[in-house]
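>
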Amino acid sequence: MGAEIGATTSLFPYNPRMADYLKATKRGDIAAYANRFQHNLQADKGAEYDQNLSELEPHLNGPFTPDLATPISKVAEEAKKNDWPEDVRVGLIGSCTNSSYEDMTRSASIVKQAKAHGLDFKSKFTVTPGSEQVRATIARDGQIEDFEGAGAIVLANACGPCIGQWDRQDVKKGEKNTIVTSYNRNFTGRNDANPATHAFVASPDITTALAFAGKLSFNPLTDTLIGADGKPFKFEAPSGYELPPRGYDPGENTFQPPPEDRASVNVAVDPKSDRLQLLQPFQVWTGAPTDLPILIKAKGKCTTDHISAGGPWLKYRGHLENISQNCLIGAINIENNEANKVKNQVTGEYGGVPQTAAYYRDRGIKWVVIGDHNYGEGSSREHAALEPRFLGGLAIITRSFARIHETNLKKQGMLALTFVDPADYDKVQPNDKVDIVGLDTFAPGKNLTLVAKHEDGTKDEIPLAHTFNEGQIEWFKAGSALNLMAAKAKAKAASA
38 MGAEIGATTS LFPYNPRMAD YLKATKRGDI AAYANRFQHN LQADKGAEYD
88 QNLSELEPHL NGPFTPDLAT PISKVAEEAK KNDWPEDVRV GLIGSCTNSS
138 YEDMTRSASI VKQAKAHGLD FKSKFTVTPG SEQVRATIAR DGQIEDFEGA
188 GAIVLANACG PCIGQWDRQD VKKGEKNTIV TSYNRNFTGR NDANPATHAF
238 VASPDITTAL AFAGKLSFNP LTDTLIGADG KPFKFEAPSG YELPPRGYDP
288 GENTFQPPPE DRASVNVAVD PKSDRLQLLQ PFQVWTGAPT DLPILIKAKG
338 KCTTDHISAG GPWLKYRGHL ENISQNCLIG AINIENNEAN KVKNQVTGEY
388 GGVPQTAAYY RDRGIKWVVI GDHNYGEGSS REHAALEPRF LGGLAIITRS
438 FARIHETNLK KQGMLALTFV DPADYDKVQP NDKVDIVGLD TFAPGKNLTL
488 VAKHEDGTKD EIPLAHTFNE GQIEWFKAGS ALNLMAAKAK AKAASA
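So in the working numbering, spot 403 of the sequence shown is number 440, and the numbers just go up one at a time.
#1: Determine the closest residue to E123 out of P100, L519, P425, with distance taken between C-alpha atoms.
#2: Answer with buried or exposed for G197, where buried requires no fewer than 16 other C-beta atoms within 10 angstroms of its C-beta.
#3: With a 10 Å radius around its C-beta and 16 neighbouring C-beta atoms as the bar for buried, classify D178 as buried or exposed.
#4: Reducing DSSP to helix, strand and coil, say where F270 ends up.
#5: What separation, rounded to the nearest whole angstrom, lies between the Cα atoms of Y70 and M451?
#6: Quick one: what's got a C-beta closer than 7 Å to E273's C-beta in the same chain, skipping five residues either side?
#7: By DSSP, does I366 sit in helix, in strand, or in coil?
#8: Provide the residue span of the beta strand (DSSP E) that contains R126, from first to last.
#9: What distance in whole Å lies between the Cβ atoms of L446 and I433, which are believed to be in contact at a cut-off of 8 Å?
#10: Work out the CA separation of I67 and Q75 for me, nearest whole Å.
#11: Any chance the region 381 to 398 sits against the region 409 to 429, with 3 or more Cβ pairs inside 8 Å?
#12: Is I263 buried or exposed, if buried means 16 or more other CB atoms sit within 10 Å of its CB?
#13: Between the alpha carbons of A44 and I441, how many angstroms are there, rounded?
#14: Can you pull the DSSP bridge partners for S345?
#15: Using three-state DSSP, classify A61 as helix, strand or coil.
#16: Using C-beta distances below 7 Å, list every residue in its chain close to A346, excluding the 5 sequence neighbours before and after it, in chain order.
#17: Using only the alpha-carbon positions, how far apart do N468 and K336 sit?
#18: Under the assumption that Y58 contacts Y278 (Cβ atoms under 8 Å), give the Cβ distance between them as a whole number of angstroms.
#19: Quick check on T384: buried or exposed, where buried means 16 or more other Cβ atoms within 10 Å of its Cβ?
#20: Taking only the alpha-carbon atoms, compute the straight-line gap between P53 and E372 and give it to the nearest angstrom.
#21: Do three or more CB pairs link the region 164 to 179 to the region 95 to 113 at distances below 8 Å?
What follows is the structure, encoded as structure tokens:
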């Protein structure tokens with residue numbers, strides 16, 4: 038889970054297995070090209086490694102964050118110590134991550150072992166194929182039949198419960214419970230909108246085994262289950278096919294090509310729609326950035342799920358005004374340790390974060406957010422940058438950023454700034470008014486200054502760093518990257 042710790046890319050050395058996969062997916066020309074340069078697509082000779090993957094014990098990651106890792110042999114101990122719910126209510130495998138043909142066949146091999154001993158899933162169990170190709174292939178080859186025969190539900194090829202597309206009925210909101218998934222993230226409330234759900238991330242193999250045991254403390258490497266005949270048995274290591282022996286079944290072709298003459302296409306959106314809304318260009322920034330209120334000083338982890346929640350909000354992805362009503366509703370306000378409760382510095386009243394932001398925007402008041410470490414970690418969802426920009430935010434100032442979110446903010450014409458000294462986060466108070474000094478000479482590598490004016494009349498001048506290059510500074514000056522692109526296209530057309 039590189040993105041959760043700030044990594045943009047994880048690199049794996051090129052090997053013959055990659056070439057086999059490329060050939061199996063009709064990309065043999067790419068495999069042939071890669072083979073010519075395979076000496077450049079691997080680690081340098083003598084490279085040293087921190088981890089030996091062949092010695093790495095299976096882990097469960099979570100709850101509430103994918104960067105809290107526990108070896109499977111220590112889970113029972115940690116569960117007791119931390120009061121994690123013991124019963125696994127639901128196991129979920131698939132979605133975009135951990136849903137390859139090999140993943141599905143390995144999990145199916147565990148299902149076959151359990152069925153051979155007369156067992157069905159003890160927990161509810163869902164399977165989300167990673168693509169139409171994978172779905173069609175495991176349907177043809179019998180794995181779907183294996184899963185369903187043990188009580189699993191096979192879902193559509195979609196994000197599904199991973200991003201909150203789950204109308205969960207077996208628990209009430211606020212009810213403490215455990216689920217185990219092979220998804221890529223498990224932030225608070227992400228899967229089922231229940232903040233009390235303890236979601237753990239594991240491999241498809243471990244997730245499947247735990248769903249047969251129904252217990253978080255079960256260690257499939259060492260523990261046994263009782264078969265229908267009353268005799269104990271232990272799972273053998275799962276096995277599967279890296280590639281389907283009969284090749285991939287492409288499944289149903291649902292691609293609809295766009296018309297060749299795209300310029301003549303008129304996109305008609307009902308102005309009364311609550312799901313679709315045509316985007317309007319963001320306005321170019323004007324005025325001096327002085328006396329800006331702090332919308333929220335976020336405490337601790339603030340992921341893109343906290344900034345722009347999924348689940349029931351997903352239907353508004355095409356309507357920026359409506360989906361902006363979830364902006365930062367999951368962030369914890371350091372002033373009161375509550376979510377979605379911030380002070381309006383004009384009225385003195387407390388209200389929701391997006392409502393307060395809109396109040397400022399509608400009165401021409403720019404605002405800033407103060408964030409903690411690795412602000413914006415998680416998915417790369419663009420809405421986490423679109424929403425604060427739409428609501429009138431000028432700057433997000435943090436101890437550090439997750440890089441993809443930092444870039445997304447820049448593209449929307451927002452200032453993504455960091456404290457030169459991360460400890461200066463503590464100098465800024467939630468009810469401060471702030472100035473951002475130095476934008477008149479905004480340049481790559483040149484620090485800005487935050488003047489934090491406190492309620493007692495004192496102030497702190499705090500240096501701020503940034504990673505804007507010249508092109509990104511032009512995005513900011515134009516109001517957004519799209520604004521700049523449109524202006525250049527218009528100028529080019531005018532000169533033609």
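Each residue gets a CB set at the ideal place from its N, CA and C atoms; glycine is no exception. From a predicted model like this one, the values you see are computed outputs, not experimental measurements.
Per the coordinate set shown:
#1: P100
#2: Per the 10 Å Cβ criterion, buried.
#3: buried
#4: strand
#5: 41 Å
#6: Q150
#7: coil
#8: 125 to 131
#9: 6 Å
#10: 12 Å
#11: With the cut-off at 8 Å, the region 381 to 398 and the region 409 to 429 touch.
#12: Within 10 angstroms of the beta-carbon of I263 lie fewer than 16 other beta-carbons, which makes it exposed.
#13: Computed Cα separation, rounded: 9 Å.
#14: C364, per the DSSP bridge assignment.
#15: helix
#16: Cβ within range, chain order: N363, I366, G367.
#17: N468 and K336: Cα-Cα distance of roughly 15 Å.
#18: Contact flag wrong, Cβ pair sits at about 12 Å.
#19: exposed
#20: Approximately 55 Å between the Cα atoms of the pair.
#21: Touching, no.
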